[in-house]
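Notes follow the structure.
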Amino acid sequence: MSETLALTRIPLDDYAELLGAGEIEELRALAKPLRGRSIQMVNSTAVGGGVAEILMRLLPLAEELDLNIKWEVMNGGEDFFDVTKSFHNALHGAPYHASQRDFEIFLSYNERNRATLALDAEFVVIHDPQPAALIDARKPGSNHWVWRCHIDLSHPHRGVWDFLETFVSRYDGAMFSSPEFSRQLPIPQYLFYPAIDPLSEKNCALDPAFITQILAHYRIDPQRPILTQISRFDRLKDPVGVIRAYRIVKRYFDCQLVLAGGSASDDPEGAIVLKEVLREAGNDPDIRVIELPAWAPLEVNALQRASTIVIQKSLREGFGLTVSEALWKKKPVVASAVGGIPIQIIHKHTGLLAHSVEGTAYQIRFLLSHPEIAAKLGEHGHEHVKENFLITQKLKRYLTLFLTMAAKS
Amino acid sequence: MNAAETPFEFVTVSYLTRIGNQSAGTLAELLKGLENCSDASIFHHTYQTLGSHHFLTEGFSNDFAQWALADANRNDLAEQLAALDIRDYISIAALRSDLCRVVGDFCAAFPHFAKQSTLERFYFCESVEVTAPLGRSAGTLDEFRDGVAHLSHAGFYFHFISSRLRLQLRTNDFSHWLSDGLGLRTLADSVNQIDIYTNTLDSSRFKLLRLLDQERRKA
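As given, the protein sequences belong to chains D and P, one line each in that order.
Residue numbers 2 to 410, in my numbering, belong to the letters of the first sequence in order.
Residue numbers 9 to 227, in my numbering, belong to the letters of the second sequence in order.
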């Protein structure tokens, strides 16, 4: 059976303190014509992953605006998720041999879910490729269907995309996290950014005593500059490159490096990368490689808040929301110009972009030499996130989309 | 205190960004895009970007200028594009014409730069606008001040910046009402002189409120 999720209500007015009462009044004004109208969000997982995390925070806010919103999770067996994981990697450009059997498995689970899910809300939002074929359930002219794609489709595997496109092109619209991630489609495409929740444990204000406690726990000196990258141990996050950049910076500044990421215990490739990182770190007492538990929002929050500079030296990236997390905390960020990062880091305005180890090291040195510029970038970064990458802005975008679609019909 | 016959109705706005099918990887392609893109696209990359990046002042005025600087590495062109002031335009057609002229002149003067690949591509997008009444109106200067103070950034942007195109006058909603509704022409002119390029939306609002307070003290 598919599941419909019930979520705890978050008072919308709690956000007014951070954003201003006018912003909340605006959400209420936009939502007014949509009161009581039905919306369904459909994805393929209730826990884990960015989509579930966002929906978990978004739905209660939408409910508080009197929208009749539901979140449905499609069911699938191991074979379905094996196929969709391959599809996911292939759509990101990884090599893949697509077999007819894979497509049949995909279609058969979508068909089964069509039989159990009542997809009859006025606005149906389908997240990512897994449930894309549910569009077959749509009765002509009955309701509005939009597809939200959270992945980078800039260089997709041709066969998988051609297959998926036959479904996607039947939606009323598609949403992408960056114009670069979109495709040439016969339907309108919209820009929808992922978002962070400023009141979540990962981003809320923390007691300075707790931050001190976390630093002490990981033996980090609060008196010297702290450079931090928060990322899982993945080659695409280039943790070894971060260490090399740190070594260049270290020639000029007595600083420390923190590399913190989710545990590699259940990820064979992650464990290999972690070993590479430890080997590169060697015996340097100022490098802390921290394996965090899979869900450690308060620790991440504390490490980001304690940092002098936050680094995100990815080689490839989806959107890279850790950048927004750091910017929200008014931290100067040095990051690679890949994926969705340049949307968050407007070079020299909300942070600094780099394209190499040497470039990353130079930008860090520049910021350590000019703390007043670092502080200004952090302030602007905070405003940029407030304007564009908060959960309330995401809700506003959805309201605008639904109002636009309703007006068209 | 004077009351206007027609009250000022406070409204807010929200924009959906529609991704277009055009992009540019060289300055020559940017020029082609500027010539062919929709009016909504020109609006998005000039007027709307001023709202979505309202907290920036130094060196950021429109997406074309920012791209010329950050991705094409052409500081001279970026400066010329940034110098185009949306307050000088009452139509998108006129603004487009000047954007094309600036980029076209540059490409003609430096043909080797015109065909050089940029660091990142420029993607033409469009703004889809939805407005919503806030259910609040002002008939007097006091009520008006209260309404302005409580507006969201988007609401303030709508009345103070994007209204220039809607009104097709070289003014904004606030100044228009202060002048026509309350007969306060000098105040209206002062409000219209607040520089939206060297101020953030917050500091523009602060200056506007200060002008309103000065006027209220006179009454």
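Cβ atoms here follow ideal geometry from the backbone N, Cα and C, with glycine treated the same way.
Item: Rounding to the nearest angstrom, what Cα-Cα distance links residue 3 of chain D and residue 174 of chain D in this structure?; Value: Note that residue 3 of chain D has pLDDT 45, beneath the 50 cutoff, so the model's placement of it is unreliable and the number below is only indicative. Those two C-alpha atoms are separated by around 25 Å.
Item: With 7 Å set as the bound, which would you pick, yes or no: does the beta-carbon of residue 123 of chain D sit closer than that to a beta-carbon of chain P?; Value: no
Item: Compare the C-beta of residue 395 of chain D against all C-beta atoms of chain P and say whether one is closer than 7 Å.; Value: no
Item: Is the number of C-beta pairs between the segment 226-245 of chain D and the segment 297-312 of chain D that are closer than 8 Å three or more?; Value: yes
Item: Rounded to a whole number of angstroms, what is the C-alpha to C-alpha distance between residue 26 of chain D and residue 159 of chain P?; Value: 9 Å
Item: Please determine, among P/128, P/162 and P/83, the residue with the shortest C-alpha to C-alpha distance to residue 23 of chain D.; Value: P/162
Item: So with CB distances below 9 Å, who are the chain D contacts of residue 128 of chain P?; Value: 181, 338 and 343
Item: Quick one: is residue 217 of chain D buried, meaning 16 or more other Cβ sit within 10 Å of its Cβ, or exposed?; Value: exposed
Item: From what residue to what residue does the alpha helix (DSSP H) around residue 343 of chain D run?; Value: 342-345
Item: Could you tell me the distance, in whole angstroms, from the CA atom of residue 99 of chain D to the CA atom of residue 111 of chain D?; Value: 18 Å
Item: Is there contact here, the segment 195-208 of chain D with the segment 384-402 of chain D, by at least three beta-carbon pairs under 8 Å?; Value: yes
Item: Residue 96 of chain D to residue 158 of chain D, Cα distance in whole Å?; Value: 7 Å
Item: Can you give the Cα-Cα distance for residue 56 of chain D and residue 77 of chain D, rounded to whole angstroms?; Value: 19 Å
Item: Within 10 Å of its beta-carbon, does residue 314 of chain D have 16 or more other beta-carbons around it, so buried, or fewer, so exposed?; Value: buried
Item: Using the Cα positions of residue 383 of chain D and residue 205 of chain D, report the straight-line distance between them to the nearest angstrom.; Value: 13 Å
Item: Take residue 123 of chain D as the anchor and find which of D/253, D/146, D/137 and D/12 has the nearest alpha-carbon.; Value: D/146
Item: Give me the subset of the segment 272-302 of chain D whose CB atoms are less than 7 Å from a CB atom of chain P, sorted by chain position.; Value: none
Item: Rank P/225, P/186 and P/177 by C-alpha distance to the C-alpha of residue 98 of chain P and give the top, closest one.; Value: P/177
Item: Leaving out five residues before and five after residue 121 of chain P in sequence, what residues of the same chain have Cβ atoms less than 7 Å from its Cβ?; Value: 35 and 82
Item: By the 10 Å Cβ neighbour count, where 16 or more other Cβ atoms means buried, how is residue 114 of chain D classified, buried or exposed?; Value: buried
Item: Apart from the five residues just before and just after residue 318 of chain D, which ones in its own chain have a Cβ nearer than 6 Å to its Cβ?; Value: 339, 340 and 342
Item: Going by other Cβ atoms of all chains shown within 10 Å of its Cβ, with 16 needed for buried, is residue 213 of chain D buried or exposed?; Value: exposed
Item: Distance, Cα to Cα, residue 15 of chain P vs residue 223 of chain P?; Value: 18 Å
Item: To the nearest angstrom, how far is it from the Cα of residue 359 of chain D to the Cα of residue 337 of chain D?; Value: 12 Å
Item: Answer yes or no: do residue 93 of chain D and residue 163 of chain D have a C-beta to C-beta separation smaller than 7 Å?; Value: no
Item: Figure out for me which residue from P/93, P/140, P/152 and P/225 has the closest Cα to the Cα of residue 69 of chain P.; Value: P/93
Item: Indicate whether residue 20 of chain P and residue 140 of chain P have their beta-carbon atoms separated by less than 7 Å.; Value: yes
Item: Verify the CB distance criterion: does residue 131 of chain P have a CB-CB separation below 7 Å to chain D?; Value: yes
Item: Just how far apart, CA to CA, sit residue 257 of chain D and residue 282 of chain D?; Value: 12 Å
Item: What does the alpha-carbon distance come out to for the pair residue 115 of chain P and residue 242 of chain D?; Value: 38 Å
Item: Does the beta-carbon of residue 296 of chain D have 16 or more other beta-carbons within 10 angstroms, so that it is buried, or is it exposed?; Value: exposed
Item: With a threshold of 16 other CB atoms inside 10 Å of the CB of residue 125 of chain P, please say whether the residue is buried or exposed.; Value: exposed
Item: Can you tell me where the beta strand (DSSP E) holding residue 201 of chain D begins and where it ends?; Value: First-last for residue 201 of chain D: undefined, no H or E at that position.
Item: Just list the alpha helix (DSSP H) runs in the segment 82-141 of chain P, keeping only unbroken ones of 4 residues or longer that don't cross its boundaries, in chain order.; Value: 83-90, 100-117 and 119-122
Item: Grouping DSSP H, G and I as helix and E and B as strand, with all else coil, what is residue 320 of chain D?; Value: coil
Item: Establish whether the CB of residue 22 of chain P and some CB of chain D are separated by less than 7 Å.; Value: yes
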